[in-house]
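Residue numbers (the numbering used here): 28 to 339.
Positions of the beta carbon are idealized from the N, C-alpha and C atoms, including for glycine.
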Ligand code: HEM
């Protein structure tokens with residue numbers, strides 16, 4: 028455990044706060060997934076306002092007189108849709124809350140670690156800069172009417188944001204390292220394949236976006252059959268990845284410090300596979316889409332955290 032001049036309970040409070048920041052990063056990823064699957068991305072056509080207001084109204088009656096200029100920017104709604112506006116608005120509120128949490132984190136990190144461990148301060152700053160970049164990218168996505176490549180970049184950037192709190196927590200507890208050459212190598216391979224799998228998954232998702240949009244979000248039963256070979260590759264890679272995670276779990280049983288983490292990864296990969304198979308078998312159910320996305324982000328961050336604890 029890192030030694031500073033601070034009392035252990037303050038150290039624990041800082042670690043717990045970092046965990047809350049991580050939780051909010053996942054909440055932002057989940058909220059983003061819900062916005063997309065409910066087609067609410069353009070629910071607020073302007074940014075940072077929503078229909079020129081700080082909070083959207085519950086009915087069209089509360090809109091400003093010039094609201095039609097905003098409606099013309101929307102992709103699927105021809106009338107004001109309060110459900111879409113509020114889904115997007117809540118998404119922005121959660122993102123805003125994350126921004127505030129991170130700003131406090133930066134201040135706390137400098138106060139606590141500037142002398143004892145500067146890396147933690149810089150990691151916290153990176154989190155802030157990364158979040159500002161994500162917010163900027165979010166604005167670009169809105170301005171360009173959800174251009175798909177930018178959505179992928181948005182997703183990958185979110186994953187890298189999520190690993191920063193994990194790195195900070197690791198810096199606070201650097202003594203918990205297990206030495207196992209095979210496990211270290213397999214975990215690295217699994218992590219690399221997972222990253223590729225997530226990029227392929229985002230490609231599949233972009234195809235789903237295009238197909239569904241072209242069909243006016245109707246005829247869900249035909250979407251899966253229109254996917255290209257990227258979807259076949261996604262399925263094959265998922266099996267390879269699952270086998271690697273099963274190996275990681277099995278091998279972690281030999282190390283008391285890793286057993287719970289290994290079991291967690293196994294659980295997440297099984298849930299993720301079940302979510303994927305449900306997407307493919309039941310015409311891409313709306314509520315499974317954000318869960319599949321959230322679980323793949325949790326697996327990425329979980330595997331990364333696991334790797335930090337294993338060395339050659
Ligand atoms: C370890 C396994 C897997 C990982 C890490 C993974 C990851 C991902 C990711 C990151 C996306 C993009 C989600 C988004 O941007 O909203 C995605 C989409 C998708 N995946 Fe997977 N996936 C896995 C397994 C599977 C399996 C086994 C299937 C089906 C048999 C599957 C079917 C799909 C489908 C249909 C989509 C598009 C969903 C949408 O449009 O929301 N996935 N996957």
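- Non-local beta-carbon contacts of residue 307 in its own chain, meaning distances under 7 angstroms to residues more than five positions away in sequence, involve 251 in chain order.
- Taking residue 53 as the centre and dropping the five residues before and after it, the same chain places no C-beta closer than 6 angstroms to its C-beta.
- At least one heavy atom of ligand 1 falls within 8 angstroms of the beta-carbon of residue 261.
- With a cut-off of 8 angstroms, the C-beta of residue 68 is classified as distant from ligand 1, since no heavy atom of the ligand falls inside that distance.
- Straight across, the Cα-Cα distance linking residue 274 with residue 237 is about 37 angstroms.
- Of all C-beta pairs linking the region 155 to 169 to the region 36 to 48, fewer than three are shorter than 8 angstroms, placing the two stretches out of contact.
- For residue 162, the closest C-alpha among the options 325, 337, 118 and 256 is that of 118.
- In terms of side-chain proximity, the C-beta atom of residue 319 is found nearer than 8 angstroms to a non-hydrogen atom of ligand 1.
- The beta-carbon distance between residue 112 and residue 83, rounded to whole angstroms, is 4 angstroms. This is short enough to meet the 8 angstroms contact definition.
- When Cβ pairs closer than 8 angstroms are counted between the two stretches, the region 140 to 147 is seen not to touch the region 54 to 65, the count staying below three.
- Check the Cα spacing between residue 318 and each of 104, 35, 48 and 63: the tightest is with 63.
- The nearest non-hydrogen atom of ligand 1 is 8 angstroms or more from the C-beta of residue 256.
- In the DSSP assignment, no residue is bridged to residue 36.
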